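One structure is given here, and the rest of the page talks about it.
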Amino acid sequence: MVWLGVERPLEAVAVPDVVLGPGEVLVAVEFATICGSDVHTMLGHRQSPAPGVLGHEYVGRVVATGDGGARTIDGKAVEHDARIVWSVMASCGACDRCTRGLTQKCRTLLKYGHERLTTRWELSGGFATHMHLRSGTGIVAVDETTPAAALAPVTCGTATAVAAMRAALSAVELDSPAVLVSGAGLIGLSVAALARDRGCTVVVADPDERRRDLAARFGAHAAIDPGDPDAAAEVWAGLGLPGPDIVIEASGSRTAVSAALDAVEVGGAVILVGSVFPTEPVTLDPESLVRGLVTVRGVHNYASADLAAALDFVAGSTDRWPFAELVEATFPLERLREGVALAATGGPVRVGIELSASSGAATAPRGQRRSSEVDAVTTPR
Numbered sequence: 564m565v566w567l568g569v570e571r572p573l574e575a576v577a578v579p580d581v582v583l584g585p586g587e588v589l590v591a592v593e594f595a596t597i598c599g600s601d602v603h604t605m606l607g608h609r610q611s612p613a614p615g616v617l618g619h620e621y622v623g624r625v626v627a628t629g630d631g632g633a634r635t636i637d638g639k640a641v642e643h644d645a646r647i648v649w650s651v652m653a654s655c656g657a658c659d660r661c662t663r664g665l666t667q668k669c670r671t672l673l674k675y676g677h678e679r680l681t682t683r684w685e686l687s688g689g690f691a692t693h694m695h696l697r698s699g700t701g702i703v704a705v706d707e708t709t710p711a712a713a714l715a716p717v718t719c720g721t722a723t724a725v726a727a728m729r730a731a732l733s734a735v736e737l738d739s740p741a742v743l744v745s746g747a748g749l750i751g752l753s754v755a756a757l758a759r760d761r762g763c764t765v766v767v768a769d770p771d772e773r774r775r776d777l778a779a780r781f782g783a784h785a786a787i788d789p790g791d792p793d794a795a796a797e798v799w800a801g802l803g804l805p806g807p808d809i810v811i812e813a814s815g816s817r818t819a820v821s822a823a824l825d826a827v828e829v830g831g832a833v834i835l836v837g838s839v840f841p842t843e844p845v846t847l848d849p850e851s852l853v854r855g856l857v858t859v860r861g862v863h864n865y866a867s868a869d870l871a872a873a874l875d876f877v878a879g880s881t882d883r884w885p886f887a888e889l890v891e892a893t894f895p896l897e898r899l900r901e902g903v904a905l906a907a908t909g910g911p912v913r914v915g916i917e918l919s920a921s922s923g924a925a926t927a928p929r930g931q932r933r934s935s936e937v938d939a940v941t942t943p944r
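Residues in the sequence shown are numbered consecutively from 564, following our numbering.
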């Protein structure tokens, strides 16, 4: 389903041929989820090239590989028909940023669901029956039993939450720090569960009562309304703590960023994750940061190791944290527009898109001619 631009209809397009290069993979998409950035793009709140195929949260099954095959993050061969999850990006692995470990900022980065549709790489986003994975994509084989609804969102929010926690714990070397999470979306809820499993005291702030209730199900010791001026002090006092050693700001709200900087304790860290769209600048008091020995760090996307760790965490904690339940509605691909409209209400944490190509057969959306040629995968001679 091709996005043509703001206030324009989505268009069903059949891809007649897929040519795989060395290290590339063709995947039949089993399930995808709608991220907030997909909604922002379709509403015109963030820039993205058009035409393009949106969607960067997914799980699928391997249909074919290019010459020489492909490898998973842990170095194993990618097998035909394997169930896999893959990163939101493909990196070169050789530029100065990649060799520093900043693969998500590769000089020649490709991001699934964020690229302009081009010939020979039409299948670049998750809202399609198939995806064409480029060399340099982090791939993880997953089990057959973990629900697709739990796995698909890992490629965005949960892997980013792992990266945020890693950054926080590298700055605050405490066994069980107190953690304040600002925003109870997918990233925030994932951080809450990760922190609780590590033995941290966790407080989540979100203005939505329903999201605060969800936070309790994901390990929060308390959930507060950031609009209540007395709530934070009362909660921390009730927990017997002066305040948070770590604040992970996952909402992107300008007000929440300022509150995070004000809330953190001496020697603490503020990790900014949610500020991925334009806002007015935030006033910063450098003296308070210096005297408070505060670390402020931005985290955007993640490294391949974070994706692998996030998948291990979700697959191993289905009995504790209800990740699959965060997908509260599911639509077929041809009703993608309806799914995005529901996601835009801010009600469900995630809306799912169920694909019919999990067996590897090419199936066009209802009303669209099936292209028999899409089954024929070729590699360059």
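All C-beta atoms, glycine included, are put in the ideal place defined by N, C-alpha and C. This structure is a prediction, so every number in the text was calculated from the model and none was measured.
Going by beta-carbon coordinates alone, are P1018 and A873 separated by less than 7 Å? Lying before the first or after the last residue shown, residue 1018 is absent from the chain, which here runs from 564 to 944.
Do you know offhand how far G855's Cα is from G830's? 6 Å
Kindly list the residues whose CB is nearer than 7 Å to the CB of S650, restricted to its own chain and excluding five residues on each side of it in sequence; keep chain order. T700, G701, T718, S867, L870
How close, in whole Å, do the beta carbons of E812 and G837 come, if the pair is a contact with beta carbons under 8 Å? 6 Å
Continuous alpha helix (DSSP H) stretch holding G861: start and end: Unbroken run through G861 is the beta strand (DSSP E), 858 to 861; no alpha helix (DSSP H).
Using only the alpha-carbon positions, how far apart do T721 and L749 sit? 7 Å
For V582 and M564, I'd like the C-alpha separation in whole angstroms. 20 Å
Which residue comes first and which comes last in the alpha helix (DSSP H) that contains H695? Note, H695: premise wrong, no alpha helix (DSSP H); beta strand (DSSP E) at 693 to 696.
Whose C-beta lies closer than 6 Å to the C-beta of A731 among residues of the same chain, with five residues either side of it excluded? I809, A832, I834
Check for me: the alpha helix (DSSP H) holding M652 runs from which residue to which? From DSSP, M652 is part of no alpha helix (DSSP H) but of the beta strand (DSSP E) over 646 to 653.
CB-CB under 7 Å to A907, same chain, minus the five flanking residues each way: which ones, in chain order? V602, L606
Since I believe I647 is in contact with V569 (beta carbons under 8 Å), could you give me their beta-carbon distance rounded to a whole number of angstroms? Not really, about 32 Å apart at Cβ, beyond 8 Å.
Return the Cβ separation of L889 and V857 in integer angstroms, given the expectation that the two are a contact with Cβ distance under 8 Å. Contact doesn't hold; Cβ gap of about 32 Å is too wide.
Identify, in the order they occur along the chain, each residue of the same chain with its Cβ nearer than 7 Å to the Cβ of L672, setting aside the five sequence neighbours on each side. M652, S654
Of the choices V839, T846, A796, G801, whose alpha-carbon is the least far from that of T818? T846
Own chain residues within Cβ distance below 6 Å of A741, not counting five before or after: T764, L804, P807, D808
By a C-beta neighbour count over all protein chains shown, 10 Å radius and 16 as the cutoff for buried, is V853 buried or exposed? exposed
Which same chain residues, not among the five before or five after A892, have their C-beta less than 8 Å away from its C-beta? G902, L905, P911, V914, G915
Whole angstroms are fine: how far does the CA of A794 sit from the CA of A778? 16 Å
Quick check on DSSP: helix, strand or coil for R670? coil
State the DSSP-derived secondary structure class of S745, mapped to helix, strand or coil. strand
Quick check: the Cα distance between W799 and G861, rounded to an integer number of angstroms? 25 Å
In its own chain, which residues sit with a C-beta less than 7 Å from the C-beta of E678, not counting the 5 before and 5 after it? P612, G615, S687
If you compare alpha carbons, which of V735, A796, H608, A786 is closest to P841? H608
Backbone CA spacing between V703 and G584 [nearest angstrom]: 20 Å
Considering Cα atoms alone, identify which of M728, F876, V626 is closest to L696. V626
Exposure label - G599; buried when at least 16 CB within 10 Å: buried
Should L606 be flagged as near chain C, meaning a C-beta pair shorter than 7 Å? Although the question refers to chain C, the structure presented lacks it and comprises just one protein chain.
Mind listing, in chain order, the continuous alpha helix (DSSP H) runs of no fewer than 4 residues lying wholly within the region 742 to 803? 749 to 760, 772 to 780, 794 to 801
Spatial distance of G542 from V590 (CA atoms): Since the first residue of the chain shown is 564 and the last is 944, residue 542 is not available in this structure.
Taking C-alpha atoms, which residue in M728, V735, D738 lies nearest to V754? M728
Length at least 4, wholly inside the region 805 to 879: the alpha helix (DSSP H) runs in chain order: 817 to 826, 849 to 854, 867 to 878
Status (buried if at least 16 other CB within 10 Å, exposed otherwise) for L567: exposed
Ordered along the chain, which non-local residues of its own chain (more than five positions away) have a Cβ less than 8 Å from that of S922? Reliability of the predicted coordinates at S922 is poor, the pLDDT of 36 falling under 50, and the value obtained from them is presented with this limitation in mind. Correct list, in chain order: A591, R624.
Starting from the Cα of G676, find the closest Cα among G586, E685, S698 and give me that residue. E685
T635, enclosing beta strand (DSSP E) - first and last residue: Segment: none, T635 is in no beta strand (DSSP E) and carries neither H nor E.
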